[in-house]
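Written out as structure tokens, the structure reads:
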């Protein structure tokens, strides 16, 4: 939703959480914020168990490395919040919807970053939850802690740290220069400045980019001067392939990390259990990515070679050449009443059609993400260039690089996707689902 839509808002941000759920055709939708995408095996197992026993049976991974469970009915909503609190995933009922913090998923794992981000994520999370005013942040307000490679700094956060010293405000260089030790206080101050500017206008803006001259106004409050474009990342130049490295990845010191994806970003309880068990043999850590992937670091190569086929056997994508890589979809019918199509089923049919024609194997490092959306809201679309496949009620419209192609059937849609995926630059987006 952009500036032209802000005036149409009639109430506060209704972005779902665990206590404030969203009512959908298939039941209540609950979202758990996972700062930095960091989980431990016990938490992922509980998410899988809860999804199976209270919800639809699926953990949806979001474009902000958060998790979502659908299909909660009746007393299940209360039980869900109780279980998430016990699992340590809801440290604060007051702040649970505003703990939106992206972090570079491969930080500290491949030698490309400039800093370690996990301590800063924890510090920022604690700082957010300690400032009473920040409880009023909209649920869509987003922080990002980049390790210098530029992967999450490019995802449209309201406030982002990009080492060695840059603070970005709505993607623009704020003019402020900070050390890692100074970063969290400045990021918190920028969030408070947004609330002050929003209040001075009696604005309904949910993001800094929705405030007229928002980046400049926030930077001025902090003693900076917003400029564009943002600085060029210096941490190894690997942002272009972020989220596309799959399988067993080498870590310094002879260790390995496993990078896998669930098809369409939907993790079953059985898959969650398998990932958690693999993580038990490594560092005991699980990292969710903004590209709806999962990284399990700190394994020996012997354990990595043992677990990779096991994860493939439960249906996870382990090979970057898979046609499923980079393909996502919103909920669609029947779960969403606004959807004009069963986009998840149609995405599967389109992949099958492309495979039958031998057109599914575009080189993954050059292929754009593809997102299927059931209506013009395009919920869940990825940030950055992408191919958007939007249901129209009479088929699909394939949007990429400022061009649109109307398609009547799945075969035609699959052909249009294949023709644009490696040649177009699509529109950016910031909606989470």
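In my numbering, the protein residues as written are 2 to 434.
Don't be surprised by glycine CBs; every beta carbon is placed ideally from N, CA and C.
Please name the residue or residues paired with residue i in a DSSP beta bridge.
i	result
residue 397	392, 408
residue 209	Per DSSP, none; premise fails for residue 209.
residue 142	BP columns for residue 142 are empty, so no partner.
residue 259	249, 297
residue 48	BP columns for residue 48 are empty, so no partner.
Rounded to whole angstroms, what's the CA-CA distance from residue i to residue j? Just pull it up for me.
i	j	result
residue 140	residue 106	22 Å
residue 119	residue 231	23 Å
residue 326	residue 90	28 Å
residue 419	residue 201	48 Å
residue 109	residue 403	37 Å
residue 305	residue 39	20 Å
residue 210	residue 314	43 Å
residue 28	residue 341	18 Å
residue 317	residue 264	7 Å
residue 14	residue 24	14 Å
residue 322	residue 214	42 Å
residue 273	residue 288	12 Å
residue 165	residue 384	23 Å
residue 84	residue 284	24 Å
residue 292	residue 330	12 Å
residue 252	residue 113	11 Å
residue 195	residue 224	14 Å
residue 50	residue 43	11 Å
residue 277	residue 20	26 Å
residue 396	residue 369	22 Å
residue 250	residue 33	28 Å
residue 128	residue 176	23 Å
residue 353	residue 311	24 Å
residue 268	residue 78	20 Å
residue 104	residue 147	6 Å
residue 101	residue 408	36 Å
residue 259	residue 247	7 Å
residue 338	residue 376	10 Å
residue 7	residue 206	6 Å
residue 46	residue 398	38 Å
Grab the span of the alpha helix (DSSP H) containing residue i for me, first residue to last.
i	result
residue 129	119–131
residue 281	270–281
residue 309	302–314
residue 215	215–222
Which residues mark the beginning and the end of the beta strand (DSSP E) in which residue i is found?
i	result
residue 20	That residue, residue 20, is in no beta strand (DSSP E); it is neither H nor E in DSSP.
residue 246	Looking at the DSSP string, residue 246 is not in any beta strand (DSSP E), and its letter there is neither H nor E.
residue 29	28–33
residue 174	173–178
residue 170	167–170
residue 317	It is not in any beta strand (DSSP E) - residue 317 carries neither H nor E in the DSSP assignment.
residue 116	Taken as a continuous stretch (DSSP letters only), residue 116 belongs to no beta strand (DSSP E), as it is neither H nor E.
Look up residue i in the DSSP assignment and say whether it is helix, strand or coil.
i	result
residue 228	strand
residue 203	coil
residue 378	coil
residue 153	coil
residue 329	strand
residue 264	helix
residue 288	strand
residue 253	helix
residue 368	coil
residue 135	helix
residue 163	strand
residue 39	strand
residue 418	helix
residue 7	helix
Determine, using beta carbons only, whether residue i comes closer than 8 Å to chain B.
i	result
residue 175	Although the question refers to chain B, the structure presented lacks it and comprises just one protein chain.
- Item | beta strand (DSSP E) runs wholly inside the region 54–113, at least 3 long, in chain order | You should have 59–62, 68–73, 102–104.
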